[in-house]
Amino acid sequence: MKKLVPDPPLSLPGQFRTPEHDIDTQRIRLALAASNAETSILSNLQDTVPTSVGHQSMFSVRPGINAEEALVHVSLLLDCAVQVSDEITERASGVERGLIWSMIHSVEMARAVVDSLLDANRPAENIQQS
-5 MKKLVPDPPL
5 SLPGQFRTPE
15 HDIDTQRIRL
25 ALAASNAETS
35 ILSNLQDTVP
45 TSVGHQSMFS
55 VRPGINAEEA
65 LVHVSLLLDC
75 AVQVSDEITE
85 RASGVERGLI
95 WSMIHSVEMA
105 RAVVDSLLDA
115 NRPAENIQQS
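For the sequence shown, this note's numbering assigns the number -5 to the initial residue and increments by one for each residue that follows.
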């Protein structure tokens, strides 16, 4: 019998699994499993290394940024994405509105994960002031 629907691709276009990514993910999982409540997870992460956004890009990640500062910046960028998306959604209609809301939901979830990591690694008195 001929199959009417082809198998989905193993990965999405533009996404590639690399052994380095898998090794880093495993290292993070092991660090999380081995960490105790008195040790900050963020202190186990290394500072950033210089990375360009793309081979033709004029922007790059500055080396030496600690993990907490990088995550704070990511949280701010995700908040900006939500704000812009909210404005666009008001002008959209039909399918576009649904797609934008889906994107907003994904960005909000990503920001919640980042904020949760940051909050879990701050002293209790600092969290209540935020």
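Heads up, the beta-carbon is just placed ideally off N, CA and C, and yes, glycines get one too.
Please determine, among the options, the residue with the shortest C-alpha to C-alpha distance to residue i.
i    : options                  : result
H99  : T83, A114, D113 and L112 : T83
L112 : E63, V89, D80 and L72    : E63
I59  : D1, T19, V(-1) and L39   : L39
M97  : V76, V68, D18 and P57    : V76
T42  : A28, M52 and P57         : P57
N115 : K(-3), H15, L36 and R21  : L36
A106 : E90, R85, L70 and L(-2)  : L70
Between which residues of its own chain and residue i is the CB-CB distance below 6 Å, once the five residues before and five after are set aside?
i   : result
S46 : S54
Count the other C-beta atoms from every protein chain shown that fall within 10 angstroms of the C-beta of residue i, then say buried if there are 16 or more, exposed otherwise.
i    : result
A61  : buried
V108 : buried
L72  : buried
L65  : buried
I17  : exposed
I94  : buried
Can you name the residues that DSSP bridges to residue i?
i   : result
V55 : T45
With a threshold of 8 Å on Cβ separation, who are the neighbours of residue i within its own chain once the five nearest residues in sequence on each side are excluded?
i   : result
D80 : I98
Can you list, in chain order, the residues of its chain whose CB lies under 7 Å from that of residue i, leaving out five sequence neighbours each side?
i    : result
V68  : V108
A104 : L72
T19  : none
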